[in-house]
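Enquirer: First residue of the sequence shown? That's 9 in this note's numbering, and the numbers climb one at a time after it. Glycine residues also receive a C-beta, built at the ideal position from the N, C-alpha and C atoms. Note that the structure is predicted; figures quoted are calculated from it, not measured. Quick one: the structure is below, questions incoming.
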Amino acid sequence: MPSILIQTLGCKLNQLESEAMAASFKRAGFTLTSSAGEEKADLILINTCTVTSRAEQKARRLIRQALRENPAARVIVTGCYAQMEGAAIAALGAALRVAPEGPGGGGRLLVAGEDRKPALMALPDYLAGRSGDLDAALSAWQEAFAPVAGPGAARGAAQEAVPWAAQGAAQGAAQETVPRAALETVPRADPFVFRPEDFSFHSRAFLKIQDGCNQGCSFCRSVLARGKSRSLNADEALERLRALEEGGFAEAVITGLNIGQYRDPGRGLDLGGLLRFLLEGTARITLRLSALEPDGLGGGFFELLSNRRIRPHFHLSVQSGSQAVLNRMGRRYSPADIEALTAEFRRLKDDPFLAADIIAGFPGETPEDFKATLELCERTGFAWIHAFPYSPRPGTPAYDFGGRVGNGEAASRVEALLDLARRGRAVYIGRWLGRTVEAVVRAGGLPPGFDAAVSENYLNLLLRREPGEGPLRPGARLRCRIAPLPELPGAGRFDAAGLACVC
Ligand code: SF4
9 MPSILIQTLG CKLNQLESEA MAASFKRAGF TLTSSAGEEK ADLILINTCT VTSRAEQKAR
69 RLIRQALREN PAARVIVTGC YAQMEGAAIA ALGAALRVAP EGPGGGGRLL VAGEDRKPAL
129 MALPDYLAGR SGDLDAALSA WQEAFAPVAG PGAARGAAQE AVPWAAQGAA QGAAQETVPR
189 AALETVPRAD PFVFRPEDFS FHSRAFLKIQ DGCNQGCSFC RSVLARGKSR SLNADEALER
249 LRALEEGGFA EAVITGLNIG QYRDPGRGLD LGGLLRFLLE GTARITLRLS ALEPDGLGGG
309 FFELLSNRRI RPHFHLSVQS GSQAVLNRMG RRYSPADIEA LTAEFRRLKD DPFLAADIIA
369 GFPGETPEDF KATLELCERT GFAWIHAFPY SPRPGTPAYD FGGRVGNGEA ASRVEALLDL
429 ARRGRAVYIG RWLGRTVEAV VRAGGLPPGF DAAVSENYLN LLLRREPGEG PLRPGARLRC
489 RIAPLPELPG AGRFDAAGLA CVC
């Protein structure tokens, strides 16, 4: 069977979906290669992001590199950038064409937008059905999952119940070449086909509970690529979490585009209700929440937070500390709401790790607006700030806003935020030195004789092994005492050392 290289850009949602696609290809007998490896892959899948123009630049670089350095490989580009700019990406290489030009038709590039990503989970079936003939399988897949014209139309069509199978039926004879199983198993528009139970790129598990968003902030392109909010029903979510717990995972990251918009109308659950349902239906697995939008977190959510199985780590999409800027962004909260929210997290959890996303240089952001953002971050004492310069996104309302802030000025505002973040992190780590925490072992890139782990409160820990001890199992749960980092080359990318660790 062929080999595959999967490269992923962007958020935890994209990471999870790549994990699921990797698991699906591995199950079909593919070999997973890594970009660092010597072996050239037969198939390269690039899962893209459209949040910033830089993310798109990175994607174009990866695509060109893949086509240039792997002359025999077939390259599939999917994800939000592919959804929004399919034609621009297709122009980067000769498109892989479907019959009747015959398999491959000389081209090697296949662009499958976000709405066709679920159908990529069926591709391994096509290969299984064609004894590994990559071009024939890709061609048949292309024919079966032909895109509906244009992102907007695709978005509408996909969601307005044009389930893939129905289209298939309309095409009559052509369907015969498509394995029925794949049709049934992968309805085109089902964003929840991604349920990895083994993880090739991460030591912790991910559980996707929601996709899309109903808000439409003026700067956000993700919502254009992923569409309206949809939720995985609670029973299915519980069944998947139980499978992860039985699979030995100590922690699952609860993921979506805007998990605060989670709704299960059948059981009348919002995010808080779902988390309670998941905790009551499982025994030990802990839950870490991916990024949270500050508004829309119902009362049930806060009642749950004191539960020790909810990790004390909250990443808030704050974006600005100026009410005027928040209004132009289309955000539905105030700086005072952020302070109240973080105070509530600190009341319910023992010194949780609080992080914030902040956009610097949003159109019309004055020095006074930015000062308000800095002051909010200082007052709140975030342990980390993910600071980004505003990136104009075509198709979003803010793209046409006046009052653009110069790149240089935006960059210096980002630097000021990162400076504050570094100080906040050092203060936070200082508060935890000498304390004992739970952590999950993670794999990857360590000096000999050391392991690494992520603590419950999101600190990156370096663990020194006892003489003669072997490596710890990635994903294993342990308790250790936090201590200052040893003087070691490469230790700087860790927050602290973990001592006296017991599994
Ligand atoms: S809340 Fe706003 S920024 Fe977040 S996904 Fe929705 S539209 Fe985008």
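1) Am I right that L100 and A63 are in contact with their C-beta atoms under 8 Å? What's the rounded C-beta distance?
2) Are there 16 or more other CB atoms within 10 angstroms of the CB of K125, so buried, or fewer, so exposed?
3) Could you have a look at D278 and say whether DSSP puts it in helix, strand or coil?
4) Go ahead and pull the three-state DSSP assignment for A177.
5) Can you list, in chain order, the residues of its chain whose CB lies under 7 Å from that of E47, leaving out five sequence neighbours each side?
6) Pull up the CB-CB distance for N266 and Q327, whole angstroms please, since I reckon it's below 8 Å.
7) Return yes when the C-beta of E301 is under 8 Å from any heavy atom of the ligand SF4, and no when it is not.
8) Return the Cβ separation of A49 and M129 in integer angstroms, given the expectation that the two are a contact with Cβ distance under 8 Å.
9) Just checking N22 against the ligand SF4 - is the residue's beta carbon closer than 8 Å to any of the ligand's heavy atoms?
10) Which residue's Cα is closest to the Cα of L252: R316, G289, V333, S420?
11) Specify the secondary structure class of D521 as computed by DSSP and reduced to three states.
12) Closer than 8 Å: is that where the CB of N315 sits relative to any heavy atom of the ligand SF4?
13) Could you name the residues of the same chain whose beta carbon sits closer than 7 Å to that of H321, not counting the 5 residues immediately before and after it, in chain order?
14) Report the residue from F309, Q269, D303 whose alpha carbon sits nearest the alpha carbon of F285.
15) For the ligand SF4, I want to know if F227 counts as a neighbour, meaning its beta carbon is within less than 8 Å of at least one of the ligand's heavy atoms.
16) Below 8 Å on the Cβ atoms is my guess for L356 versus S314; work out the distance and round it to an integer in Å.
17) Within the present structure, is the beta-carbon of L265 separated from the nearest heavy atom of the ligand SF4 by less than 8 Å?
18) With L51 as the anchor, note down where its beta strand (DSSP E) starts and where it stops.
19) Return helix, strand or coil for C88, following the three-state DSSP convention.
20) Looking at the ligand SF4, does it come within less than 8 Å of P65, judged from the CB to the closest heavy atom?
21) To which residues of the same chain is A484 closer than 8 Å at the C-beta, ignoring the five residues directly before and after it?
Expert: Reading off the structure:
1) For this step, residue 100 is matched to residue 92 along the sequence shown. For this step, residue 63 is matched to residue 55 along the sequence shown. About 16 Å; that fails the 8 Å criterion.
2) In the sequence shown, the residue the question calls residue 125 occupies position 117. Classification for K125: buried.
3) Position 270 of the sequence shown, counted from the first residue, corresponds to residue 278. D278 sits in coil when the DSSP states are folded into three classes, being neither helix nor strand.
4) The residue labelled residue 177 in the question sits at position 169 within the sequence shown. At A177 the pLDDT is 40, less than 50, meaning the model places this residue with poor confidence and gives no usable figure here.
5) For this step, residue 47 is matched to residue 39 along the sequence shown. So the list reads S11, T41, once near-sequence residues are dropped.
6) On the sequence shown, residue 266 is found 258 positions in, with the first residue counted as 1. On the sequence shown, residue 327 is found 319 positions in, with the first residue counted as 1. Not a contact, Cβ separation roughly 13 Å.
7) By one-based count along the sequence shown, residue 301 stands at place 293. The answer is yes for E301.
8) Taking the first residue of the sequence shown as 1, we reach residue 49 at position 41. Taking the first residue of the sequence shown as 1, we reach residue 129 at position 121. At roughly 19 Å, the Cβ-Cβ gap does not stay under 8 Å, so A49 and M129 are not in contact.
9) As a position in the sequence shown, residue 22 is number 14, starting the count at 1. Checking every heavy atom of the ligand SF4 against the Cβ of N22, none is found closer than 8 Å.
10) Here the question's residue 252 lines up with position 244 in the sequence shown. For the options R316, G289, V333, S420, the alpha carbon positioned closest to that of L252 is the one of G289.
11) No information on residue 521 is available, as it lies outside the stretch 9 to 511 that the chain covers here.
12) Indexing the sequence shown from 1 puts residue 315 at position 307. Checking every heavy atom of the ligand SF4 against the Cβ of N315, none is found closer than 8 Å.
13) What you label residue 321 is simply residue 313 of the sequence shown in a count that begins at 1. Within the same chain, Cβ atoms closer than 7 Å to the Cβ of H321 are found at R296, P360, F361, N465, Y466, the five residues on either side in sequence being excluded.
14) Indexing the sequence shown from 1 puts residue 285 at position 277. The residue among F309, Q269, D303 with its C-alpha nearest the C-alpha of F285 is F309.
15) Counting from 1 along the sequence shown, the entry for residue 227 is found at position 219. Taking 8 Å as the cut-off, the C-beta of F227 counts as close to a heavy atom of the ligand SF4.
16) On the sequence shown, residue 356 is found 348 positions in, with the first residue counted as 1. On the sequence shown, residue 314 is found 306 positions in, with the first residue counted as 1. Taking C-beta atoms under 8 Å as the contact rule, L356 and S314 qualify, at a distance of about 5 Å.
17) For the purposes of this step, residue 265 is taken as residue 257 along the sequence shown, with counting starting at 1. Yes.
18) On the sequence shown, residue 51 is found 43 positions in, with the first residue counted as 1. 51-56 is the extent of the beta strand (DSSP E) around L51.
19) Numbered from its first residue, the sequence shown carries residue 88 at position 80. Residue state, collapsed to three classes: helix.
20) Within the sequence shown, numbered from 1, the residue matching residue 65 stands at position 57. The sequence given here places Gln at residue 65; Pro does not occur at that position. Q65: no, Cβ never under 8 Å from the ligand SF4.
21) As a position in the sequence shown, residue 484 is number 476, starting the count at 1. Answer for A484: A258, V448, V449, C511, listed in chain order.
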